[in-house]
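**Q** Provided herewith is a single structure, encoded as structure tokens, for subsequent inquiry.
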Amino acid sequence: MKYCSRCVQPDTRPGIEFDKRGVCGACLYYEEMDKIDWNSRRKELDEIAKWAKKTTKSVYDCAIGISGGKDSTFQAIFSRDTLGLRPLLVNCEPENITEVGRRNIENLKNLGFDVISMRPNPVIMKKLVKRDFYKYLNPIKITEYPLGASTAIIANALKIPLIIQGENPTFTLGTSNLELRKHGGDAMFNNMKPTVSSGLKEYIDEGIDPKDLFLYGYDREKMIKDGFKGVFLQYYLREWSQVHNAEFSSKYGFRGRPEYFNPSDIGTYSPYFQLDSDLVQLNQMLKYLKFGFGQCTDHACYEVRDGRMTRAQALELVRRYDGKCSIRYIKEFCDYIDITVDEFWKVVDKFVNKDLFKKDKDGKWIPKFEVGVDTADSKKK
Ligand SMILES: [Zn+2]
């Protein structure tokens with residue numbers, strides 16, 4: 021394993037790129053940020069907003085997918101109050117929604133928005149989550165499809181010309197596909213979860229009725245041809261950052277985790293991320309066992325790049341919290357997909373990266389690597 025020389029990003033993240041100096045793609049983007057002409061980007065965004073108001077055949081100018089988190093709260097308020105758009109918010113309800121997640125969604129609605137809530141058939145969803153857990157050790161894989169698709173489906177149906185998304189993961193996670201970077205603001209081009217023909221094929225091949233996956237995909241090519249636009253706000257706004265969005269949204273009633281949360285329960289010190297479903301906390305622990313990093317790494321990386329934390333402080337937090345997950349979440353998940361905790365660990369054992377982890381005498385997986393220290397045989401599985 022090899023770590024970025026500036027932040028604490030490891031080279032085991034799928035798709036990550038490092039330059040010759042050992043700097044990761046996300047840090048390189050931060051370097052680029054100082055050279056960007058933000059005024060002209062902001063003008064570009066105003067033009068797009070003007071275009072949406074002129075073009076729309078709906079009462080709404082834009083559609084925004086929301087979870088109630090800090091980013092979506094900022095997106096909704098900014099689009100309405102600064103860009104002067106009339107947004108329709110689309111909320112795709114997660115499985116096992118948390119109390120704080122539910123509260124934040126209600127808060128956002130009460131700031132004065134029309135909201136469409138949708139939920140894909142929970143029986144089918146559960147079946148697919150269980151299938152992906154066994155097949156990839158990734159219980160959230162399938163849940164990401166309706167999150168992306170629901171907004172596009174509604175925009176398409178109601179003829180709302182513009183879809184506003186928040187963060188472009190190509191930038192902030194540091195995967196440096198040049199073609200994607202060139203189209204950095206264009207969400208249609210970049211990452212909105214795609215058509216039934218690609219990602220969803222494996223489920224259909226296994227006998228899932230495509231009609232049951234209606235809310236999981238949309239015809240992106242056709243929407244592009246029909247003139248729909250999707251944008252990432254992050255691309256246009258210098259001020260976009262995790263802390264900015266959390267502070268901004270807090271003023272509008274958004275809340276993070278309660279003050280008494282235990283970082284070791286969720287595998288990170290930050291109270292502002294992934295609030296709406298506990299499935300994510302579990303998935304971060306599984307990610308850690310597959311790739312050697314969890315969500316504390318992601319959060320600490322943001323802070324190092326924003327200059328709010330030193331690399332040494334970040335490493336300390338990562339050592340302490342990465343990969344931790346309360347037994348409560350594990351039990352909840354086992355109940356949800358109807359397996360025992362023993363069975364859960366049997367499945368996990370198969371997928372653990374044995375180059376990175378070994379079992380201690382109690383049968384617990386412990387890292388062979390030291391966080392922040394490069395190892396010679398540094399290639400991903
Ligand atoms: Zn980096």
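Each residue of the sequence shown is one higher than the one before, starting from 21 at the first, in the working numbering.
The beta-carbon is built from N, C-alpha and C at its ideal position, and this holds for glycine as well.
1. Counting pairs of beta carbons, one from the region 267-277 and one from the region 230-244, are three or more of them closer than 8 angstroms?
2. Give me the DSSP bridge partner(s) of Gln185.
3. Express the C-alpha separation of Gly312 and Ala175 in angstroms, rounding to a whole number.
4. Going by DSSP, what residue range makes up the beta strand (DSSP E) through Lys379?
5. List the residues that DSSP assigns as beta-bridge partners of Gly138.
6. Could you tell me the alpha carbon to alpha carbon distance between Cys27 and Arg331, rounded to whole angstroms?
7. Return the Cβ separation of Ile180 and Cys82 in integer angstroms, given the expectation that the two are a contact with Cβ distance under 8 angstroms.
8. Quick one: is the Cβ of Val43 within less than 7 angstroms of any heavy atom of ligand 1?
9. Taking 7 angstroms as the cut-off, does the CB of Gln29 come closer than this to any heavy atom belonging to ligand 1?
10. Do you know offhand how far Lys40's Cα is from Tyr23's?
11. What separation, rounded to the nearest whole angstrom, lies between the Cα atoms of Ile136 and Leu108?
12. Is it true that the CB of Ala96 sits closer than 8 angstroms to the CB of Ile84?
13. Within 10 Å of its beta-carbon, does Glu51 have 16 or more other beta-carbons around it, so buried, or fewer, so exposed?
14. According to DSSP, is Phe133 part of a helix, a strand, or is it coil?
15. What do you reckon, is the C-beta of Cys82 under 7 angstroms from a heavy atom of ligand 1?
16. Taking the alpha-carbon of Tyr289 as reference, which of Ile184, Cys316, Cys321, Arg100 has the nearest alpha-carbon?
17. Let me make sure I understand the geometry here. Which of Met305, Arg139, Lys351 has the alpha-carbon closest to that of Trp385?
18. Where does Phe94 sit, in a helix, a strand or coil, going by DSSP?
19. Take Met21 and list the residues in its own chain whose beta-carbon comes closer than 8 angstroms to its own, dropping the five residues that flank it on each side.
20. Kindly indicate which three-state DSSP category Ala396 falls into: helix, strand or coil?
21. Kindly indicate which residue of Asp152, Val263, Val338, Gly276 has the alpha-carbon position closest to the one of Gly327.
22. Which whole-angstrom value is the C-beta distance of Tyr292 and Lys90, which I expect to be below 8 angstroms?
23. Evaluate contact between the region 360-373 and the region 151-167, counting only Cβ atoms and requiring at least three cross-stretch pairs below 8 angstroms.
24. Nearest CA to the CA of Ala403: which residue from Leu105, Val110, Gly314?
25. For a quick check, are the C-beta atoms of Pro283 and Tyr349 less than 8 angstroms apart?
26. Give the straight-line distance between the Cα atoms of Ile244 and Thr76, rounded to the nearest whole angstrom.
27. Is it buried or exposed for Asn141, if we count other Cβ within 10 angstroms and need 16 for buried?
28. Between Lys150, Glu126, Glu363, Pro189, which has its C-alpha nearest Gly35's C-alpha?
29. Name the DSSP bridge partner or partners of Gly85?
30. Taking only runs of the alpha helix (DSSP H) that begin and end inside the region 273-322, which ones reach a length of at least 4 residues, in chain order?
31. Cys345 bridges to which residues according to DSSP?
32. Under a three-way DSSP split, which group does Pro230 fall into?
33. With a 10 Å radius around its C-beta and 16 neighbouring C-beta atoms as the bar for buried, classify Ile347 as buried or exposed.
34. Does the region 112-131 come close enough to the region 295-309 that 3 or more CB-CB pairs lie under 8 angstroms?
35. Taking the alpha helix (DSSP H) that Pro387 falls in, what are its first and last residues?
36. Please work out which residues of its chain come closer than 7 angstroms, Cβ to Cβ, to Phe268, disregarding the five sequence neighbours upstream and downstream, and give them in chain order.
**A** Walking through what the data contain:
1. no
2. Translated into the one-based positions of the sequence shown, residue 185 becomes position 165. Phe252, per the DSSP bridge assignment.
3. Sequence index remark: in the sequence shown, residue 175 carries index 155 (1-based). Sequence index remark: in the sequence shown, residue 312 carries index 292 (1-based). Looking at the two C-alpha atoms, the distance is approximately 39 angstroms.
4. Numbered from its first residue, the sequence shown carries residue 379 at position 359. Where Lys379 is concerned, the enclosing beta strand (DSSP E) stretches over 377-379.
5. For the purposes of this step, residue 138 is taken as residue 118 along the sequence shown, with counting starting at 1. According to the sequence provided, residue 138 is Met. The question's Gly does not apply to it. DSSP output for Met138 lists Cys112 as bridge partner(s).
6. On the sequence shown, position 7 is the one that residue 27 refers to. On the sequence shown, position 311 is the one that residue 331 refers to. Looking at the two C-alpha atoms, the distance is approximately 6 angstroms.
7. Taking the sequence shown and counting its residues from 1, the one referred to as residue 180 is at position 160. Taking the sequence shown and counting its residues from 1, the one referred to as residue 82 is at position 62. Yes, Ile180 and Cys82 are in contact; Cβ-Cβ is about 6 angstroms, under 8 angstroms.
8. Walking along the sequence shown from the start, residue 43 turns up at place 23. Val43 Cβ: within cutoff of ligand 1.
9. Residue numbering aside, residue 29 sits at position 9 when the sequence shown is read from its first letter. For ligand 1, at least one heavy atom lies less than 7 angstroms from the Cβ of Gln29.
10. Position 20 of the sequence shown, counting from 1, holds the residue named residue 40. Position 3 of the sequence shown, counting from 1, holds the residue named residue 23. Cα to Cα, Lys40 sits roughly 13 angstroms from Tyr23.
11. Walking along the sequence shown from the start, residue 136 turns up at place 116. Walking along the sequence shown from the start, residue 108 turns up at place 88. Roughly 8 angstroms between the two C-alpha positions.
12. Against the sequence shown, residue 84 aligns to sequence position 64. Against the sequence shown, residue 96 aligns to sequence position 76. For Ile84 and Ala96, yes; Cβs fall inside 8 angstroms.
13. Counting from 1 along the sequence shown, the entry for residue 51 is found at position 31. Label assigned to Glu51: exposed.
14. The residue you call residue 133 lines up with position 113 of the sequence shown. In the structure shown, Phe133 sits in coil (DSSP, three-state: anything other than H, G, I, E or B).
15. Start at 1 with the first residue of the sequence shown, and residue 82 comes out as number 62. Cys82: no, Cβ never under 7 angstroms from ligand 1.
16. Here the question's residue 289 lines up with position 269 in the sequence shown. Ranking the options by Cα distance to Tyr289, first place goes to Cys316.
17. Along the sequence shown, one-based indexing puts residue 385 at 365. It is Met305 whose Cα lies nearest to the Cα of Trp385.
18. Start at 1 with the first residue of the sequence shown, and residue 94 comes out as number 74. Helix, per DSSP.
19. On the sequence shown, residue 21 is found 1 positions in, with the first residue counted as 1. Excluding residues within five positions, the ones whose Cβ falls inside 8 angstroms are Pro30, Asp31, Thr32, Gly312, Leu376, Phe389, Asp394, Thr395, Ser398.
20. Counting from one through the sequence shown, the residue named residue 396 turns up at place 376. Ala396: coil per DSSP, three-state reduction.
21. Taking the sequence shown and counting its residues from 1, the one referred to as residue 327 is at position 307. Cα-wise, what sits closest to Gly327 is Val263.
22. The count along the sequence shown starts at 1 and reaches residue 292 at position 272. The count along the sequence shown starts at 1 and reaches residue 90 at position 70. That belief holds up - the Cβ atoms of Tyr292 and Lys90 are roughly 6 angstroms apart, short of 8 angstroms.
23. yes
24. What the structure shows of the chain is the stretch from 21 to 401, and residue 403 is not part of that stretch, so it cannot be assessed.
25. The residue you call residue 283 lines up with position 263 of the sequence shown. The residue you call residue 349 lines up with position 329 of the sequence shown. The answer is no: Cβ separation not under 8 angstroms.
26. Position 224 of the sequence shown, counted from the start, is the residue given in the question as residue 244. Position 56 of the sequence shown, counted from the start, is the residue given in the question as residue 76. In a straight line, the C-alpha of Ile244 is about 15 angstroms away from that of Thr76.
27. Start at 1 with the first residue of the sequence shown, and residue 141 comes out as number 121. Exposed, because fewer than 16 other Cβ atoms sit within 10 Å of the Cβ of Asn141.
28. In the sequence shown, residue 35 corresponds to position 15, counting from 1. Closest by alpha carbon: Pro189.
29. Here residue 85 refers to the residue found at position 65 when the sequence shown is read from its first residue. Val110, per the DSSP bridge assignment.
30. 283-286, 299-311
31. As a working note, residue 345 is residue 325 in the sequence shown. In DSSP, Cys345 forms no bridge with anything.
32. To locate residue 230, count along the sequence shown from 1; it is residue 210. Reduced to three states, the DSSP call for Pro230 is helix.
33. As a first step, residue 347 must be located in the sequence shown, where it is residue number 327. Ile347 comes out exposed.
34. yes
35. Taking the first residue of the sequence shown as position 1, residue 387 is located at position 367. Element bounds for Pro387: not the alpha helix (DSSP H) but the beta strand (DSSP E), 385-387.
36. For the purposes of this step, residue 268 is taken as the residue at position 248 of the sequence shown. Once the five neighbours on either side are set aside, the close Cβ partners of Phe268 are Phe94.
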